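Inspection log for the structure reproduced underneath, given as structure tokens.
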Amino acid sequence: MAYGWLDRPRLELEAQASAAQLANQELDPMRLRRSELELLGERYWPRRHHTLLEARDPGPQVAFLTVANQRFFRGLEALLLSLRAVYPRFSSPLLVAHDGSLGPFAQRRLRQIVPQLAFVQPDTSWASRLARDSANRERIGLLGYLNGHALSLRGYRRVLVLDADLLITGPLDPLWAEGDGFRAVPDCGDRPWAAVSPTTRRPVLNSGVLSLPGPVLNDALELRLRELILHSAEPACPLLDRFADQKVWNLLLADQPLEWMPLNFNCNVKYLVRYLGGCTEGLSVLHFAGPKPWLTWPWAEPQPHDQRPSVVLDHLLWNRHHRQQLMAWRLGLHRQALATAPPLPAGPAVLVPTPQRLAALPAACSRHLVFGDPPPFSGSWPDVPAWPQGWWELLERAAPVQLWAPFAWEPALRELPLPAGVVWRWALIEAPFSPELGQGDDLIAEDGLWAGGFEPWCEPLVRAVARAARRRLEAEGAGPVQSDL
Numbered sequence: 004m005a006y007g008w009l010d011r012p013r014l015e016l017e018a019q020a021s022a023a024q025l026a027n028q029e030l031d032p033m034r035l036r037r038s039e040l041e042l043l044g045e046r047y048w049p050r051r052h053h054t055l056l057e058a059r060d061p062g063p064q065v066a067f068l069t070v071a072n073q074r075f076f077r078g079l080e081a082l083l084l085s086l087r088a089v090y091p092r093f094s095s096p097l098l099v100a101h102d103g104s105l106g107p108f109a110q111r112r113l114r115q116i117v118p119q120l121a122f123v124q125p126d127t128s129w130a131s132r133l134a135r136d137s138a139n140r141e142r143i144g145l146l147g148y149l150n151g152h153a154l155s156l157r158g159y160r161r162v163l164v165l166d167a168d169l170l171i172t173g174p175l176d177p178l179w180a181e182g183d184g185f186r187a188v189p190d191c192g193d194r195p196w197a198a199v200s201p202t203t204r205r206p207v208l209n210s211g212v213l214s215l216p217g218p219v220l221n222d223a224l225e226l227r228l229r230e231l232i233l234h235s236a237e238p239a240c241p242l243l244d245r246f247a248d249q250k251v252w253n254l255l256l257a258d259q260p261l262e263w264m265p266l267n268f269n270c271n272v273k274y275l276v277r278y279l280g281g282c283t284e285g286l287s288v289l290h291f292a293g294p295k296p297w298l299t300w301p302w303a304e305p306q307p308h309d310q311r312p313s314v315v316l317d318h319l320l321w322n323r324h325h326r327q328q329l330m331a332w333r334l335g336l337h338r339q340a341l342a343t344a345p346p347l348p349a350g351p352a353v354l355v356p357t358p359q360r361l362a363a364l365p366a367a368c369s370r371h372l373v374f375g376d377p378p379p380f381s382g383s384w385p386d387v388p389a390w391p392q393g394w395w396e397l398l399e400r401a402a403p404v405q406l407w408a409p410f411a412w413e414p415a416l417r418e419l420p421l422p423a424g425v426v427w428r429w430a431l432i433e434a435p436f437s438p439e440l441g442q443g444d445d446l447i448a449e450d451g452l453w454a455g456g457f458e459p460w461c462e463p464l465v466r467a468v469a470r471a472a473r474r475r476l477e478a479e480g481a482g483p484v485q486s487d488l
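So our numbering is basically just the index in the sequence shown, starting at one, shifted up by 3.
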């Protein structure tokens, strides 16, 4: 077998042998598991292209829609970064349908990746009777059906629906090429082939990547999808009934013109690991179905319901890909912030932790207020922060003042009004790139063209921010630097 290619003849023989063995048992079809029913039915072998594609900006006539909530924030961030990496001049409208858990702070941060990103919270009052009779439907809930909002978009040549657990690793241009039909990729991963539904008489499609022809999107199709969602608990097909949104999309498109796309445009990570040896060349979309890489270490404390030890995974692939793009993005943004900020004041400098201490500092010293955890702001942090009572007046009287805070807070703090002469300064202290102070600090190369990157962190955070401020001041010739922290 060529590495990176599945051995179809061998796998076909294995499937035929397993199907024959199962058929010989003459079991009651009503008592068979879904995996057994798949074996006894028709099989569809998806194809994969090995062609060099060129990525060209789809432009304003192609709209994109994805769905996310706070749990999917990191996955959405990775999707957007990977999309921008392939399409650096991406200009298409991109909508995020959410359940209200993505607040202003999260939205501002994500718009730093795709400025034209729009967030919409669809009206779901019609879904009050939504069934949650299966583990999949209970886990996904209403959120999974919000991708149906794509059917309400009008005036576009194409509408692309993308799950938020994807990484874009290559051009997607064939998904919006000229044509009148819907486009999808067959659902496979647990097996190298897609099962054919006896109800739709088509291979089961995976709803993680859908290309919808804009001209056929209308109110009737939208209402039909809603009806399918409301009746999704009713048996329709043993190969579809366990799914949530994927079931209704398969039923909705059963009588629509449908073009099957190569596996390159929606490759399940299970398929990648089991049948391609982890080789990703030529793949444009990697689909991390199953347990999500960002819901475990090093991104989050693992929760038992998010861990399924028997499921085929490749969290390392997602981590390698996302960390590289995340690091480049954060460093680039920080560099832009440094370039647009006014020069740091020269001469002696004093760092203090509270604004009440600013007024007593000598006039010959530049004044620096350092922030750390917990954020001292009033209002609703981090979505709508406000200055604590009296702080504005203290800053105004003490100006000029330099305010030092973690760069991760920038999407929140940029909304705060500042007195004249007060300037934000940012310390790039962020997981997972900042080492703990004393555990790798000595390995950070500081002098040279590589200066100005991630700073170490420590507890309390204010000490790490103060250390970063001191280093910046001294690097730019200020000093001596005195710290009252």
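Note that the Cβ used here is the ideal one computed from N, Cα and C, for glycine as well.
This one's a predicted model, so the numbers in the text were calculated from it and none came from an experiment.
To which residues of the same chain is F374 closer than 6 Å at the C-beta, ignoring the five residues directly before and after it? Residue mapping note: residue 374 aligns to position 371 of the sequence shown, counting from 1. Excluding positions up to five away in sequence, the list reads A408.
Compute the Euclidean distance between the alpha carbons of W252 and P463, then round it to the nearest angstrom. Along the sequence shown, read from residue 1 onward, the residue named residue 252 stands at position 249. Along the sequence shown, read from residue 1 onward, the residue named residue 463 stands at position 460. Their backbone Cα atoms lie some 50 Å apart in a straight line.
Would you call the stretch 40-50 and the stretch 199-218 in contact, with 3 or more CB pairs under 8 Å? yes
Can you tell me which of W412, G158, N221 puts its alpha carbon nearest to the alpha carbon of F108? Position 105 of the sequence shown, counting from 1, holds the residue named residue 108. The shortest C-alpha separation from F108 is found at W412.
Could you check if E458 is buried or exposed, using at least 16 other CB atoms within 10 Å of its CB as the buried criterion? As a first step, residue 458 must be located in the sequence shown, where it is residue number 455. By the 10 Å Cβ count, E458 comes out buried.
Here's the rule: buried if 16 or more other CB atoms are within 10 angstroms of the residue's CB, otherwise exposed. What is W179? Residue numbering aside, residue 179 sits at position 176 when the sequence shown is read from its first letter. Around the beta carbon of W179, 16 or more other beta carbons sit within 10 angstroms, so the residue counts as buried.
Go ahead and pull the three-state DSSP assignment for Y90. The residue given as residue 90 occupies position 87 in the sequence shown. Coil.
Using the rule of at least 16 other Cβ atoms within 10 Å of the residue's Cβ for burial, across every protein chain shown, is V188 buried or exposed? Your numbering for residue 188 matches position 185 in the sequence shown. V188 should be labelled buried.
List the endpoints of the continuous alpha helix (DSSP H) containing I232. On the sequence shown, position 229 is the one that residue 232 refers to. I232 -> alpha helix (DSSP H) spans 222-233.
Is it the case that the stretch 157-173 contacts the stretch 205-221, given that we only count it when at least three CB pairs across the two stretches are under 8 Å? yes
Anticipated Cβ contact below 8 Å, P206 with E57, distance rounded: In the sequence shown, counting from the first residue as 1, residue 206 sits at position 203. In the sequence shown, counting from the first residue as 1, residue 57 sits at position 54. With 8 Å as the limit, P206 and E57 do not qualify as a contact, their Cβ atoms being about 29 Å apart.
Where R140 sits in the DSSP three-state scheme: Counting from 1 along the sequence shown, the entry for residue 140 is found at position 137. Low per-residue confidence applies at R140: pLDDT is 49, beneath 50, and the placement is therefore not dependable, though the value from the model is reported in the following sentence. Reduced to three states, the DSSP call for R140 is helix.
Pair within 8 Å by beta-carbon distance, V484 and R470: Working through the sequence shown from its first residue, we reach residue 484 at position 481. Working through the sequence shown from its first residue, we reach residue 470 at position 467. Not closer than 8 Å, so no.
If you reduce the DSSP assignment to three classes, tell me which class T69 lands in. Here residue 69 is taken as the residue at index 66 of the sequence shown, counted from 1. It is a strand residue.
Give me whichever residues DSSP pairs with A352 in a beta bridge. Counting from 1 along the sequence shown, the entry for residue 352 is found at position 349. Its beta-bridge partners are S369, V484.
By the DSSP assignment, the beta strand (DSSP E) with A180 in it spans what residues? In the sequence shown, the residue the question calls residue 180 occupies position 177. Per DSSP, A180 belongs to no beta strand (DSSP E) and is neither H nor E.
Alpha carbon to alpha carbon, how far is V404 from P346? If you number the sequence shown from 1, residue 404 lands on position 401. If you number the sequence shown from 1, residue 346 lands on position 343. Distance between the alpha carbons of V404 and P346 is about 13 Å.
If you follow the alpha helix (DSSP H) that E39 is part of, which residue opens it and which one closes it? Taking the first residue of the sequence shown as 1, we reach residue 39 at position 36. Annotation for E39: the continuous alpha helix (DSSP H) segment containing it runs 37-43.
I need the DSSP call for P409, collapsed to helix, strand or coil. Here residue 409 refers to the residue found at position 406 of the sequence shown. Correct three-state label for P409: strand.
On the three-pair Cβ rule with 8 Å, is the stretch 281-295 touching the stretch 227-241? no
Counting only the same chain and skipping the five closest in sequence on each side, list residues whose C-beta sits under 8 Å from that of G396. Indexing the sequence shown from 1 puts residue 396 at position 393. Correcting the residue type first, residue 396 is Glu in the shown sequence and not Gly. Counting only Cβ-Cβ distances below 8 Å, and skipping sequence neighbours, we find nothing.
Spatial distance of A236 from M264 (CA atoms): Within the sequence shown, numbered from 1, the residue matching residue 236 stands at position 233. Within the sequence shown, numbered from 1, the residue matching residue 264 stands at position 261. Each residue's alpha carbon lies about 29 Å from the other.
Between which two residues does the beta strand (DSSP E) containing N209 stretch? Locating residue 209 in the sequence shown gives position 206, where the first residue counts as 1. Residues 208-216.
Given D386, which residues of its chain have a CB within under 6 Å of its CB, disregarding the five upstream and five downstream residues? Residue mapping note: residue 386 aligns to position 383 of the sequence shown, counting from 1. Contacts found: G106, P107, F108.
Local conformation of N271 per DSSP, three classes: Walking along the sequence shown from the start, residue 271 turns up at place 268. If DSSP states are grouped into helix, strand and coil, N271 belongs with the strands.
Around the Cβ of A20, are there at least 16 other Cβ atoms within 10 angstroms (buried) or fewer (exposed)? The residue you call residue 20 lines up with position 17 of the sequence shown. It is exposed - the Cβ of A20 has fewer than 16 other Cβ atoms within 10 Å.
Enumerated in chain order, which unbroken segments of the alpha helix (DSSP H) with a length of 4 residues or greater are wholly contained in the stretch 242-291? 248-255, 272-278
Run the CB neighbour count on T343, radius 10 Å, all protein chains shown included, and call it buried at 16 or more, exposed below. Taking the first residue of the sequence shown as position 1, residue 343 is located at position 340. Burial check for T343: the Cβ neighbour count within 10 Å stays below 16, so the residue is exposed.
Would you report the Cα separation of G217 and L154, rounded to the nearest angstrom? Taking the sequence shown and counting its residues from 1, one reaches residue 217 at position 214. Taking the sequence shown and counting its residues from 1, one reaches residue 154 at position 151. Their Cα atoms are separated by approximately 9 Å.
Provide the residue(s) that pair with E439 in DSSP beta bridges, ordered along the chain. As a working mapping, residue 439 is identified with position 436 in the sequence shown. Paired residues: W460.
Per-residue DSSP class, three states only, for L169: For the purposes of this step, residue 169 is taken as the residue at position 166 of the sequence shown. In the structure shown, L169 sits in a strand (DSSP, three-state: E or B).
Nearest residue (CA-CA) to L266, options R186, A23, G382: Looking up residue 266 in the sequence shown gives position 263. L266 has its Cα closest to that of R186, out of R186, A23, G382.
With distances taken from CA atoms, which of L421, W48, N269, P294 is nearest R11? Within the sequence shown, residue 11 is the residue found at index 8, counting from 1. Cα-wise, what sits closest to R11 is W48.
Using the Cα positions of H52 and C270, report the straight-line distance between them to the nearest angstrom. For the purposes of this step, residue 52 is taken as the residue at position 49 of the sequence shown. For the purposes of this step, residue 270 is taken as the residue at position 267 of the sequence shown. Near 12 Å, if we compare the C-alpha coordinates of C270 and H52.
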